[in-house]
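Novice: When we follow my numbering, the leftmost residue of the sequence shown carries the number 3, and every step to the right adds one. Don't be surprised by glycine CBs; every beta carbon is placed ideally from N, CA and C.
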Amino acid sequence: MASPLNGSNRLSLAMERTGQWIFSQDIPSDVVVQVGEANFSLHKFMLVAKSNRIRKLIMESKQPDLTRIDLSDVPGGPETFEKAAKFCYGVNFEITVHNVAALRCAAEYLEMTNKYCDNNLIGRTEDFLSQVALMSLSGAIVVLKSCEDLLPMAEDLKIVQKCVDVATSKVSIEAKFPSRSPTNWWTEELSILDIEFFGRVVSAMKLRGGKSLTVSSAIITYAEKWLRDIVRDRSGPAAKLAASDDSELRLQQRELLESIVAILPTEKAAMPINFLCCLLRSATFVKASSTCKTELERRISSVLEHVTVDDLLVLSFTYDGERLFDLESVRRIISEFVEKEKSVAVFNAADFREVCSAEMIRVAKTVDAYLGEIATCVELSISKFNGIANLIPKGARKVDDDLYRAIDIYLKAHPNLDEIEREKVCSVMDALKLSYEARVHASQNKRLPVQIVLHALYYDQLKLRSGVDENDVQDAVTTRSQVQHDVSLARENEELRTELLKMKMYITDLKKTGSVGIATTSSGKGGGGPKKATFFSSVSKKLGKLNPFKQGSKDTSNIMDEGVDLTKPRRRRFSIS
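#1: Are the region 117-137 and the region 182-201 touching, with three or more C-beta to C-beta distances below 8 Å?
#2: To the nearest whole angstrom, what separates the beta carbons of VAL99 and VAL166, a pair I think is in contact under 8 Å?
#3: Let's test the definition: count the other Cβ atoms within 10 Å of the Cβ of LYS52 and tell me whether it reaches 16, buried, or not, exposed.
#4: Is it right to say THR569 is buried, meaning 16 or more other beta carbons lie within 10 angstroms of its own, or is it exposed?
#5: Are ALA415 and ILE363 close, meaning C-beta to C-beta below 9 Å?
#6: Quick check on the burial criterion: 16 or more other C-beta atoms within 10 angstroms. Buried or exposed for TYR438?
#7: Would you say the region 335-345 touches the region 299-308, given that touching needs at least three Cβ pairs under 8 Å?
#8: Can you tell me whether DSSP reads LEU13 as helix, strand or coil?
#9: Say whether the region 88-97 touches the region 148-160, bearing in mind that this needs 3 or more beta-carbon pairs closer than 8 Å, one atom from each stretch.
#10: Would you call the CB atoms of VAL427 and LEU413 closer than 9 Å?
#11: Are the CB atoms of LEU419 and LEU382 within a distance shorter than 9 Å?
#12: Of the residues ALA104, THR268, CYS107 and TYR508, which one's Cα is nearest the Cα of LEU215?
#13: Would you please state the rounded distance, in angstroms, between the beta carbons of LEU259 and ALA290? I believe it to be under 8 Å.
#14: May I have the straight-line CA-CA distance separating ILE454 from ARG252, to the nearest angstrom?
#15: Using 8 Å as the cut-off, classify the Cβ of ASP129 as near or not near the heavy atoms of the ligand ADP, replying yes or no.
#16: Could you pull out every residue in the same chain whose Cβ sits closer than 7 Å to the Cβ of GLU110, ignoring the five residues on either side in sequence?
#17: Would you kindly report the start and end of the unbroken beta strand (DSSP E) that includes GLN36?
#18: Ignore the nearest five residues each way along the sequence and tell me which others in THR286's own chain have a CB closer than 6 Å to its CB.
#19: Leaving out five residues on either side along the sequence, give the residues of the same chain with a beta carbon under 8 Å from the beta carbon of VAL475.
#20: Within the continuous alpha helix (DSSP H) that includes THR360, where are the two ends?
#21: What three-state label does DSSP hand PHE179 in the structure shown?
#22: Tell me, which residues are paired with SER43 by DSSP?
#23: By alpha-carbon positions, which one of CYS294, PRO417, LYS58 and GLU81 ends up nearest to VAL37?
#24: For ALA103, which residues from the same chain have a beta carbon less than 7 Å from its beta carbon, with the 5 sequence-adjacent residues on both sides left out?
#25: Can you give me the C-alpha to C-alpha distance between LYS208 and GLN163, rounded to a whole angstrom?
#26: Give me the Cβ distance between PRO77 and CYS119, rounded to the nearest whole Å; I'm assuming they're in contact under 8 Å.
#27: Let me know the secondary structure DSSP gives PHE319 once reduced to three states.
#28: Kindly provide the ranges of any alpha helix (DSSP H) runs that are 4 or more residues long and lie completely inside the region 403-469, ordered along the chain.
#29: Please report how far the alpha carbon of PRO395 lies from the alpha carbon of ARG301, in whole angstroms.
In structure tokens:
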């Protein structure tokens, strides 16, 4: 009689069923077979007729009458041994795709070959595998799944390899000629496997020349099933595990993620960019190895021209989207792409600073738009903002409007910056490369430092003076020195204007006290001699020299004050008031 040693309901039911077919025999049992925590009371002559292993244990035993046999290491455990014992007693039971692998391994362990009995258990299970289980993709995957607990025997018996070969072949056919809907139903079937067996199937698909789209579809489905909390679901329990970095679940996720990254297709554009970004964010979250993160960064960088702003934002923010998460990965990705473009430019004997590829220009627009999105974050420092903006070469930005928008958003989100800090933020932008609309906005933007506003204003004045059409492309580098010179002149002009206003106030005070009349009388006694230069004529000369529009308008430096009545100053057309 079989009696379990523990209170497990599952074992109790198994032992109860065993007792039913054992007691159908009139001969009392003479041996107890122990399998784990279960005991089976059986008959030696029924077992040795089909199991050579039990035969040898009884014959080689030093005990004259062996009454207990320990078979605790039989593959499949008590449930599988029960079916093998039933087979020895001739009791019918069902072989299915779920138990055939365990029965085949148990039969091998018990040495139930045709040498000791025709159509023994090894032959029966082999026939079922070849004629039933491995005839379909679903059957092969179920058998392969059951082999996870039967290693290494299932591997030695080639069951695993047979299942992998059949699964790979069937998947290739399904990918080309779908037999059911949805067409990618087979990806769900593969996703039940352990990562080790799943990786073997994926590797076999690559060796058979499977398309990268087919392989990537299987990997995406697998990752989204087993890493859903950290790959796709931003509101799931992943955010709640932030504090438990060393939890068992986190360690499992880390190992699984690194294994998935290791089997990604090698083709450049095999995996969707958004999926790669999600994997990289997950790798950062679970603190995966640097090798894993570097591989993902390399893959994203290789197709950065196709990356959208949303893809970069996936890397940058936490799962709840409330705070910045990882800017270093974004910086490394952009930097690697720029270095690659530099290498291509050097190979083509081009000046990378002045001439950039269409891909580089596209990336520049994406990065500027990305900066505009993260600029609202209060915790974003000036060094990190400028660090990302400066990665893009100057030649990649035909106009700096998008960058100006990002800077304006940053200044608005950080109102407590002083003048020096605001100038540091604006240093990444070239005011000469703003469009007319952007310059108009900048000239009225109180958040910008004064220097940037003056640059925008005087560039417009320079264009008006030189007669350059707004639609004509002008090299900003060649005009920068001239505009900066005009800016310095403007500052000196402002100082002179202040002095002139002070002098006017002084003359007004003299007029009120009556001194103006005396000064007028004394100046009239000079007769016909050469007139001395008045204060206004000397100031006018200085202003004429500093006039930035000297070449485009009349020069007033040589105009003399003849008969100027200081009591009622004559209106000057070209004076600064």
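Specialist: Per the coordinate set shown:
#1: Contact between the region 117-137 and the region 182-201 is absent, because fewer than three Cβ pairs lie under 8 Å.
#2: Contact doesn't hold; Cβ gap of about 16 Å is too wide.
#3: By the 10 Å Cβ count, LYS52 comes out buried.
#4: Here the model assigns THR569 a pLDDT of 42, short of 50, so the residue's position is not dependable and the matter cannot be decided.
#5: Going by C-beta atoms, ALA415 is not nearer than 9 Å to ILE363.
#6: Burial call: exposed.
#7: The answer is yes - the region 299-308 touches the region 335-345, with three or more Cβ pairs under 8 Å.
#8: In this predicted model, LEU13 has a pLDDT of only 49, less than 50, meaning its place in the structure is not dependable; the value taken from the coordinates is given anyway. The DSSP-derived three-state label of LEU13 is helix.
#9: Under the three-pair Cβ rule at 8 Å, the region 88-97 does not count as touching the region 148-160.
#10: Taking C-beta atoms as the reference points, VAL427 and LEU413 count as a pair closer than 9 Å.
#11: Taking 9 Å as the Cβ cut-off, LEU382 and LEU419 do not qualify as a contacting pair.
#12: Closest by alpha carbon: THR268.
#13: The Cβ separation is near 6 Å, so the contact holds.
#14: Taking the straight line from one Cα to the other gives about 50 Å.
#15: No copy of the ligand ADP occurs in the structure displayed, which carries no ligand at all.
#16: Within the same chain, ILE124, MET155 and LEU159 come within 7 Å of GLU110 by CB-CB distance, once the 5 residues on both sides are set aside.
#17: Run containing GLN36: 33-37, per the beta strand (DSSP E) assignment.
#18: ASP328, listed in sequence order.
#19: Note that VAL475 has pLDDT 41, beneath the 50 cutoff, so the model's placement of it is unreliable and the number below is only indicative. Only residues of its own chain outside the window of five on either side were considered, and among them none has a CB closer than 8 Å to the CB of VAL475.
#20: Checking the sequence shown, residue 360 turns out to be Ala, not Thr. For ALA360, the enclosing alpha helix (DSSP H) starts and ends at 360-376.
#21: Reduced to three states, the DSSP call for PHE179 is coil.
#22: In DSSP, SER43 forms a bridge with VAL34.
#23: Taking only the C-alpha atoms, the option nearest VAL37 is GLU81.
#24: Around ALA103: VAL145, SER148, CYS149, LEU152, ALA156 and ILE161.
#25: If you take the alpha carbons of LYS208 and GLN163, they lie about 15 Å apart.
#26: Not a contact, Cβ separation roughly 20 Å.
#27: Looking at PHE319 - three-state DSSP - the assignment turns out to be strand.
#28: Within the region 403-469, the complete alpha helix (DSSP H) runs of at least 4 residues fall at 403-415, 421-428, 438-445 and 452-468.
#29: The alpha-carbon of PRO395 is positioned some 22 Å away from that of ARG301.
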